[in-house]
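To start, the structure under review is shown below, and the notes come after it.
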């Protein structure tokens, strides 16, 4: 007879659950990563992103990371494909997962211009995969090493993934509680831009009920989908909502692997043996959990007191999850609208919250002589880099430092660098983003508030239908 006493935290975390969910997640994650590497090769992104640019926008503290020379980045992506394949088949799984995590993070840190929230998520999940025993079944490792085989894993492996994915959804919803989103921006602009892709329903894209339906539908989805998935009576409602949400996003926005990755990840909210249940259904046989196979492992895992290894593991994962819950709030440490200043915007799951149109021109003044030059960054950067830099003060500062260094290298000595950045946020009238009177060459990068960023003054207005191809002078910056 089972005890009626409530189980301790340790018993809950280390209770055995079916490994099927973890094997499925390993296959899905590794397969999508392999597909993403293929996409970079097939779409020809490696050369223009990492080989051609003479300058890369670095993350604070990671300025030392540089692309491999020559053909090195092609070999790097090839190695990532090998690591993803090893994860997929479960061969030298933990080593492959660690090497893939390092390799992907190396690519992620190359250039801020290519920041995507789901790439940040991939970095996190990749390192978490190193900790997860996803190779204990349906893997070459388990085939070659019988002692490794197991049909169960500790429950913490399931809840670690659930909490990580839940953080992405929940904080994405919290971020949408801002005034712009609640007034339908930038969704209104984006729907107008994309209406022509759907000629049969194009006329709906400019109607207010349609705009607010998308805006508030996205907000409610992010906040409610995890509770719906966790509660058994509403689980399939939640997943069908997730399915429709991500498929619509895939049609509306060019967001690569994100919809497919999240659809795969969202399945972990189903019972952990769901792959076996589905397989049994397809074969016309009802899956019956083998409780007797779980009992010995469960008894061994939960008997006695905390071991040293368990304490270290739970403490580490606890600190990690606390950090994941606090980091998205760091924008509260800075004054101003985070969608404007960008201070605390990245790594916070603030997805699709801002649309920026911007244009920036740099003025370099030679100290002592007063000679000056105006620089259009399009002559020094790729279009992608210019588009992203136009609305991001930290990237403007980095390029100003690069210009000062380049002019000094050419023999012009000490120079001052000023930037005039006119930016529109979510359809507002364009206004100055940074103080054009501040010599950015003398400003040091730091994590402190940048006083040279000017506060947002303009009020939100309802824009006219605006198409990106009609604007040849402004650089369009959209949210990740």
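Residue numbers (my numbering): 1 to 480. Glycine included, each C-beta is placed from N, C-alpha and C at the ideal position.
Going by other Cβ atoms of all chains shown within 10 Å of its Cβ, with 16 needed for buried, is residue i buried or exposed?
| i | result |
| --- | --- |
| residue 450 | buried |
| residue 316 | exposed |
| residue 312 | exposed |
| residue 40 | buried |
| residue 144 | exposed |
| residue 137 | buried |
| residue 481 | Nothing can be reported for residue 481: it is not among the residues displayed for the chain, which extend from 1 to 480. |
| residue 203 | exposed |
| residue 540 | Beyond the ends of the chain as shown, which are 1 and 480, falls residue 540; an answer cannot be given. |
| residue 86 | buried |
| residue 369 | exposed |
| residue 236 | exposed |
| residue 306 | exposed |
| residue 448 | exposed |
Please state the DSSP three-state secondary structure of residue i.
| i | result |
| --- | --- |
| residue 453 | strand |
| residue 424 | strand |
| residue 416 | strand |
| residue 197 | helix |
| residue 171 | helix |
| residue 437 | coil |
| residue 190 | helix |
| residue 265 | helix |
| residue 54 | coil |
| residue 92 | coil |
| residue 69 | coil |
| residue 180 | helix |
| residue 368 | coil |
| residue 408 | helix |
| residue 483 | Residue 483 cannot be examined here, being either before or after the span of the chain that is shown, 1 to 480. |
| residue 382 | coil |
| residue 219 | helix |
| residue 340 | helix |
| residue 206 | helix |
| residue 211 | helix |
| residue 458 | coil |
| residue 285 | coil |
| residue 307 | coil |
| residue 64 | coil |
| residue 48 | helix |
| residue 484 | Past the boundaries of the shown model lies residue 484; the chain is included only from 1 to 480, so the question cannot be answered. |
| residue 394 | helix |
| residue 521 | Residue coverage of the chain in this structure runs from 1 to 480, which leaves residue 521 outside it and unanswerable. |
| residue 163 | helix |
Among all the DSSP beta bridges, which residues are the ones paired with residue i?
| i | result |
| --- | --- |
| residue 432 | 422 |
| residue 481 | With the chain covering 1 to 480 only, the question about residue 481 has no answer from this structure. |
| residue 154 | 16 |
4 or more residues per run - each alpha helix (DSSP H) lying fully within the region 101-144: 117-131 and 140-144
With contact counted as at least three CB pairs below 8 Å, one residue from each stretch, are the region 416-433 and the region 90-107 in contact? no
Unbroken beta strand (DSSP E) runs of length 3 or more, entirely within the region 13-44: which are they? 16-18
Three CB pairs or more closer than 8 Å across the region 129-138 and the region 146-166: yes
Three Cβ pairs or more, each shorter than 8 Å: is that satisfied between the region 6-22 and the region 50-63? no
Inter-stretch contact (C-beta, 8 Å, three-pair minimum) for the region 101-117 and the region 77-86: yes
Three-pair Cβ contact test at 8 Å for the region 429-437 versus the region 404-420: yes
Is the number of C-beta pairs between the region 202-218 and the region 184-194 that are closer than 8 Å three or more? yes
Should the region 220-227 be regarded as contacting the region 171-182, the criterion being three or more beta carbon pairs within less than 8 Å? yes
Which runs of the beta strand (DSSP E) at least 3 residues long sit entirely within the region 222-260? Give them in chain order. none
Cβ contact check for the region 353-369 and the region 382-396: 3 or more pairs under 8 Å: yes
Answer yes if the region 379-388 comes into contact with the region 261-278, meaning at least three C-beta pairs across the two stretches below 8 Å, and no otherwise. no
Is it a yes or a no for the region 109-127 touching the region 58-72, going by three-plus beta-carbon pairs under 8 Å? yes
Say whether the region 339-351 touches the region 229-246, bearing in mind that this needs 3 or more beta-carbon pairs closer than 8 Å, one atom from each stretch. no
Does the region 316-330 come into contact with the region 14-24, if we say contact requires no fewer than three beta-carbon pairs (one atom in each stretch) closer than 8 Å? no
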